[in-house]
Amino acid sequence: MDWRDESSRAGMRITLDYNSITSGFIGKNGISKEEIDALLPRAREVHESLARGRNDEAHPFFNLPYQDTSLIKLLADDIAKWAENFVLLGIGGSALGPIALHTALRHPYHNLLSRRGRGKRPRMFFMDNVDPDAFGSLLAELNPEKTIFCVVTKSGGTAETMAQFMVVRALMQKALGKRKLKKHFVCITDPEKGNLRKIVQSERFTSLEVPPGVGGRFSVFTPVGLLPAAVSGIDIDELLAGAADMDKRTSEQNSLENPAHMTAMLQYLADKKGRHISVMMPYSSALRDIADWYRQIWAESLGKKLDLKGNIVHTGQTPVKALGTTDQHSQVQLYMEGPNDKTFIFLRVESFQRELPIPKIYKDIDGIAYLGGHTMAELINAEQAATEAALAGAGRPSMTIRIPEVRPFTVGQVLYLLEVTTAIAGGLYGIDPFDQPGVEEGKLLTYAMMGRPGFEGKRAELEKQKRRPEYVI
Ligand code: PA5
Numbered sequence: 036m037d038w039r040d041e042s043s044r045a046g047m048r049i050t051l052d053y054n055s056i057t058s059g060f061i062g063k064n065g066i067s068k069e070e071i072d073a074l075l076p077r078a079r080e081v082h083e084s085l086a087r088g089r090n091d092e093a094h095p096f097f098n099l100p101y102q103d104t105s106l107i108k109l110l111a112d113d114i115a116k117w118a119e120n121f122v123l124l125g126i127g128g129s130a131l132g133p134i135a136l137h138t139a140l141r142h143p144y145h146n147l148l149s150r151r152g153r154g155k156r157p158r159m160f161f162m163d164n165v166d167p168d169a170f171g172s173l174l175a176e177l178n179p180e181k182t183i184f185c186v187v188t189k190s191g192g193t194a195e196t197m198a199q200f201m202v203v204r205a206l207m208q209k210a211l212g213k214r215k216l217k218k219h220f221v222c223i224t225d226p227e228k229g230n231l232r233k234i235v236q237s238e239r240f241t242s243l244e245v246p247p248g249v250g251g252r253f254s255v256f257t258p259v260g261l262l263p264a265a266v267s268g269i270d271i272d273e274l275l276a277g278a279a280d281m282d283k284r285t286s287e288q289n290s291l292e293n294p295a296h297m298t299a300m301l302q303y304l305a306d307k308k309g310r311h312i313s314v315m316m317p318y319s320s321a322l323r324d325i326a327d328w329y330r331q332i333w334a335e336s337l338g339k340k341l342d343l344k345g346n347i348v349h350t351g352q353t354p355v356k357a358l359g360t361t362d363q364h365s366q367v368q369l370y371m372e373g374p375n376d377k378t379f380i381f382l383r384v385e386s387f388q389r390e391l392p393i394p395k396i397y398k399d400i401d402g403i404a405y406l407g408g409h410t411m412a413e414l415i416n417a418e419q420a421a422t423e424a425a426l427a428g429a430g431r432p433s434m435t436i437r438i439p440e441v442r443p444f445t446v447g448q449v450l451y452l453l454e455v456t457t458a459i460a461g462g463l464y465g466i467d468p469f470d471q472p473g474v475e476e477g478k479l480l481t482y483a484m485m486g487r488p489g490f491e492g493k494r495a496e497l498e499k500q501k502r503r504p505e506y507v508i
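Mapping of the sequence shown onto the working numbering: position 119 corresponds to residue 154, and the numbering continues sequentially without gaps.
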């Protein structure tokens, strides 16, 4: 399919169905037309301020859909020629985007397939924790000769990622010798700053850049997301074409025609009316890690103590991920009858890669015979519609992002939509969605605990806390 051609795009556009969050559909717990209208001037101001930030490059993530990907593809193809294992080392925004793309767009059992079945691409591993058992167990299984490590850290100093890198570097040097190391590392980090950049320069590792001004959670369309995706065989140009297509729609000034404005405004209004939890519930296993990625971008961008004027505001909805239909049998009882403090965003796939017909057997058992003749695709979508309807009936607000098919073009639209939605929501709350002072504090305390020079003051603070009476049973 040619994504420059308007007719191929038209049928692959995602849509936002927000009927079930409106008061017209669910009654007084929903959002009324008057509430939306009253917020329109504010949304317009936020839109204009972000557009100015886009033009003066304060928000470079807006322009990522239009980048040249040739270097990334070249490097990815080179890696795929020899590597059997591609291991990403990174955390937070340096891992969640790559994971979401991989789960959405590659075979669900990619690593179990033969090399041919994987399209001659490496097995993919995403190590986003410093659990010694999980990490050590993986390292013990990999053939160093056939493995490449992709070290991703924008700051170049995150303790977890740098510790992983140091462990791996020592192991690889022991296994292969210093001379062969270079081939087995590719680093993605700031073009100039940070310790990883220093290491790249001194050891001449291959590297790609995270553009300055693009925060981790907005980095899925930089080499952070694109290199691993290209290595595993995802069409990154189609992905970016989807993001670019959504960019046109989210550049629309009229909020009522702009899916990012509407998603942000409705979530914001719902929060103001006591819906302090935002549940994202994909009805598709492939999209489950998009909910994980959303959890980070929504939490880290909007969970803020201070507004732009310095007032204490403590903003932010708590994002929760759920998976349909699995979590119908785990969470939906609470969603239906527990506190009415949630909004729901369903991700619904209109056409799956496989239909999987349910055979017409057990015709004499009424309780299951009705399933025969349908498909699993029908069943999962019937369950999504039923859950939405049941929640609406109980006065519980939801929206549905309808996705024609899971493919790079549509996934690009979804991720870009949610990035812009987050930026707009930040403006509505009057906070800075692009910083993360709360995460930084935890990082500084970790440095102090691990004895990093320059953090003695923080260490003393921690010691003082330790002297508190302890209640441990
Ligand atoms: O979104 C963010 O900014 C954070 O989640 C970071 O991605 C995370 O803390 C990792 O940082 P870094 O990429 O600098 O290692």
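Glycine is no exception: its CB is placed at the ideal position from the N, C-alpha and C atoms.
Just so we're clear, the structure is a prediction, and the values are computed from it rather than from any experiment.
Reduced DSSP category for residue i - H, G, I as helix; E, B as strand; rest coil
{"i": "Leu-261", "result": "helix"}
{"i": "Ile-234", "result": "helix"}
{"i": "Asp-306", "result": "helix"}
{"i": "Ser-67", "result": "coil"}
{"i": "Asn-120", "result": "strand"}
{"i": "Leu-341", "result": "strand"}
{"i": "Ser-42", "result": "helix"}
{"i": "Thr-360", "result": "coil"}
{"i": "Pro-100", "result": "helix"}
{"i": "Gly-61", "result": "The sequence given here places Ile at residue 61; Gly does not occur at that position. Of the three classes helix, strand and coil, the one that applies to Ile-61 here is helix, per DSSP."}
{"i": "Pro-24", "result": "Outside the shown range of the chain (36 to 508) lies residue 24, about which nothing can therefore be said."}
{"i": "Pro-76", "result": "helix"}
{"i": "Pro-394", "result": "coil"}
{"i": "Ile-347", "result": "strand"}
{"i": "Met-371", "result": "helix"}
{"i": "Glu-335", "result": "helix"}
{"i": "Asp-112", "result": "helix"}
{"i": "Gly-128", "result": "helix"}
{"i": "Ser-105", "result": "helix"}
{"i": "Ile-466", "result": "coil"}
{"i": "Val-507", "result": "coil"}
{"i": "Glu-227", "result": "coil"}
{"i": "Arg-365", "result": "For the record, residue 365 in the displayed sequence is Ser; it is not Arg. If DSSP states are grouped into helix, strand and coil, Ser-365 belongs with coil."}
Span of the beta strand (DSSP E) around residue i
{"i": "Ser-313", "result": "312-318"}
{"i": "Pro-354", "result": "353-356"}
{"i": "Phe-11", "result": "With the chain covering only 36 through 508, there is no way to say anything about residue 11."}
{"i": "Val-221", "result": "220-224"}
{"i": "Thr-50", "result": "50-52"}
{"i": "Leu-243", "result": "241-244"}
Integer-rounded CB distance, given that residue j should sit under 8 Å from residue i
{"i": "Gly-171", "j": "Asp-342", "result": "In fact, because the Cβ distance is near 44 Å, the residues do not count as touching under 8 Å."}
{"i": "Lys-356", "j": "Ile-347", "result": "Actually they do not touch by this definition, with Cβ atoms about 29 Å apart."}
{"i": "Met-159", "j": "Phe-121", "result": "5 Å"}
{"i": "Thr-285", "j": "Val-455", "result": "4 Å"}
{"i": "Ala-483", "j": "Leu-497", "result": "6 Å"}
{"i": "Thr-193", "j": "Ile-126", "result": "6 Å"}
{"i": "Gln-13", "j": "Ile-49", "result": "The requested residue 13 is not part of the displayed model; the chain covers only 36 to 508."}
{"i": "Gly-338", "j": "Gln-419", "result": "The pair is not a contact, with the Cβ atoms about 28 Å apart (cut-off 8 Å)."}
{"i": "Met-300", "j": "Ile-71", "result": "6 Å"}
{"i": "Val-249", "j": "Glu-335", "result": "Actually they do not touch by this definition, with Cβ atoms about 14 Å apart."}
Cβ-based neighbour list, residue i, same chain, cut-off 8 Å, excluding 5 preceding and 5 following
{"i": "Leu-243", "result": "Leu-106, Ile-107, Leu-110, Val-221, Cys-222, Ile-223, Pro-258, Leu-262"}
{"i": "Ile-183", "result": "Ile-114, Ala-118, Asn-120, Phe-121, Val-122, Pro-157, Lys-218, His-219, Phe-220, Val-221"}
{"i": "Leu-173", "result": "Val-122, Phe-160, Met-162"}
Own chain, CB closer than 7 Å to residue i, minus 5 neighbours either side, in chain order
{"i": "His-142", "result": "Leu-148"}
{"i": "Ala-305", "result": "Ile-56, Ile-66, Thr-378, Pro-432"}
{"i": "Phe-200", "result": "Leu-124, Val-186"}
{"i": "Gly-154", "result": "Gly-268"}
{"i": "Pro-294", "result": "Leu-51, Arg-284, Thr-285, Leu-452"}
{"i": "Val-165", "result": "Glu-195, Ala-198, Gln-199"}
{"i": "Pro-392", "result": "Thr-410"}
Neighbourhood of residue i by C-beta distance below 6 Å, restricted to the same chain and skipping five residues each side
{"i": "Leu-231", "result": "Thr-188, Gly-191, Cys-222, Thr-224"}
{"i": "Leu-75", "result": "Ser-290"}
{"i": "Phe-253", "result": "Phe-96, Glu-454"}
{"i": "Met-26", "result": "Because the chain in this structure spans residues 36 to 508, residue 26 falls outside the shown range and cannot be described."}
{"i": "Pro-179", "result": "Met-207, Ala-210, Leu-211"}
{"i": "Met-371", "result": "Ala-429"}
{"i": "Leu-274", "result": "Pro-443, Gly-447"}
{"i": "Ser-319", "result": "Val-384"}
Residue range of the unbroken alpha helix (DSSP H) whose run includes residue i
{"i": "His-145", "result": "From DSSP, His-145 is part of no alpha helix (DSSP H); its letter is neither H nor E."}
{"i": "Glu-475", "result": "472-484"}
{"i": "Glu-496", "result": "491-501"}
{"i": "Gly-132", "result": "131-140"}
Exercise for the section: Ignoring anything shorter than 4 residues or poking outside the region 246-299, list the alpha helix (DSSP H) runs there in chain order. Expected result: The region 246-299 contains these whole alpha helix (DSSP H) runs: 258-266, 271-285.
Handout entry: Contiguous alpha helix (DSSP H) assignments of at least 4 residues, all confined to the region 147-217
Key = Inside the region 147-217, DSSP marks whole alpha helix (DSSP H) runs of 4 or more residues at positions 167-176, 194-211, from first to last along the chain.
Practice task
Report the residue ranges of all alpha helix (DSSP H) runs contained in full by the region 396-462; include only those spanning at least 4 residues, in chain order.
Solution key: Taking 4 residues as the minimum length, the alpha helix (DSSP H) runs contained wholly in the region 396-462 are 401-404, 411-428, in order along the chain.
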